[in-house]
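Report on one structure; see the data block that follows.
Numbering (our numbering), first residue to last: 35 to 208.
Structure, rendered in structure tokens:
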């Protein structure tokens with residue numbers, strides 16, 4: 035994917051359809067028949083059946099022998115194991131950071147708190163002519179020694195910030 039949301043390659047329609055069925059099955063709590071999935075997805079019933087059989091073979095759905103419905107299996111949870119909740123900020127920040135970079139040209143980071151440090155989630159360093167540091171995403175920045183850390187502390191609720199300040203002043207691992 036490019037930053038503007040357009041794909042560099044053609045999308046795989048079969049994958050998109052399979053993901054659509056997974057989303058629909060997630061909404062139908064007790065499972066769903068191929069006919070019901072075809073109705074809600076707008077896909078031909080035969081296509082739905084083939085996709086469900088593929089998903090079943092891969093272990094993501096199971097078929098009920100009693101009513102011919104399909105249900106999600108525990109394996110669908112594997113699809114979200116690598117997802118980190120704090121990564122959503124990158125998707126929202128990227129276009130805004132691009133606009134800001136065009137305006138000010140100064141490298142900018144979006145950071146979030148992670149225990150005792152600020153972690154860079156998105157940045158314009160790799161695009162800014164004014165930066166020597168290209169690989170910033172994922173870098174941990176000291177809470178008490180950086181503008182983002184001090185800003186977080188300035189606006190943080192009083193409760194818990196003293197303990198954080200004490201912890202942030204210690205070297206890692208102590």
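Glycine is no exception: its CB is placed at the ideal position from the N, C-alpha and C atoms.
As the crow flies, the alpha-carbon of residue 158 is around 5 angstroms from that of residue 141. Below 8 angstroms, enough C-beta pairs join the segment 172-189 and the segment 143-151 to call them touching: three or more. The count of Cβ pairs closer than 8 angstroms, one atom from the segment 90-105 and one from the segment 57-68, reaches three, so the stretches are in contact.
Annotation note: the segment 65-150 contains the following uninterrupted beta strand (DSSP E) runs of length 3 or greater, listed N- to C-terminal: 95-97, 104-106 and 143-148. The beta carbons of residue 106 and residue 82 sit no closer together than 8 angstroms.
Closest in alpha carbon position to residue 160, among 45, 110, 131 and 89, is 131.
Its Cα nearest to that of residue 187, the residue 151 stands out among 164, 151 and 170. In this model, residue 139 and residue 163 are separated by some 7 angstroms (Cα to Cα).
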